[in-house]
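Worksheet: one structure, shown below.
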Amino acid sequence: MVRPRRTVPLNPPEPNLATIVANLQRQLQEQQQETERLRAQIAQMNQGPRINEVPPRVQPIPPVIPPIPEAQPEAQPEIQPEVPQDVNIPMAPAGGQVNLQPVREELLYERFRRMKAPEFEGTTDPIAADNWLIGIQVILDFMRLTEQEKVFCASFALKKDARHWWMTVQMRRDVTAMGWQDFVTEFRTMYYNREILAAQ
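Taking numbering that gives the first Met the number 0, the leading residue of the sequence shown gets 0, the next gets one more, and so forth.
The following block contains the structure:
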């Protein structure tokens, strides 16, 4: 079965120019009226309240607060939420500011973990130790961390024997205030001994 071919007129009918012009003029008039209305509104807003004019008084809406029933201590047992001891919950000190340090450390840990930093287990090879130190330094510099944050992240990458060494450093000094150069000095004192290097 052959379907009849649909014919598309080659030349669409020409629009009526008079209708187009009339529509454009109508739109132009509407836009001019809207512009005038907006100008009047802006002028009224710019005038502000006049000297003798008192602005209308707005009655504040009183807050709806349900009455608090009187507490009866003997009738209501005290409920204490159970919170595991190892959870860091930011608490507001007397000044009213919340301590966000645990949250910041967690975010820092996540950023550092995504960098896939090499772990260091300790070694007697000073070149391997120095290579780890250089590699971790590149990552820490890329992350643009503070001096203390660098120490925090680098110490997290210490495992096995290196972790035990770090624990002895923590017993000897306050590592929370330790800067990166102090960490490097401690690290090189332990793992980059010139006597061992000379013996190799």
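All C-beta atoms, glycine included, are put in the ideal place defined by N, C-alpha and C.
- The beta-carbon separation of Glu-185 and Ala-156, rounded to 15 Å, does not stay under the 8 Å limit for a contact.
- Segment contact: the segment 158-177 against the segment 115-132, three or more CB-CB distances shorter than 8 Å; contact assigned.
- Around the beta carbon of Val-150, a 10 Å sphere encloses 16 or more other beta carbons of the protein chains shown; the residue is thus reported as buried.
- A distance below 7 Å between beta-carbons, with the five flanking residues on each side excluded, links Leu-144 to the following residues of its chain, in chain order: Cys-152.
- By the neighbour-count criterion, in which 16 or more other beta carbons inside 10 Å mark a residue as buried, Leu-139 falls on the buried side.
- In the three-state scheme derived from DSSP, where H, G and I count as helix and E and B as strand, Leu-132 is classed as helix.
- Your pair Glu-148 and Leu-107 checks out as a contact, with CB atoms roughly 6 Å apart and the cut at 8 Å.
- Beta-bridge partners of Phe-151 (DSSP): none assigned.
- Ile-19 and Arg-36 have their C-alpha atoms some 26 Å from each other.
- In the displayed model, Leu-106 falls within a helix according to three-state DSSP.
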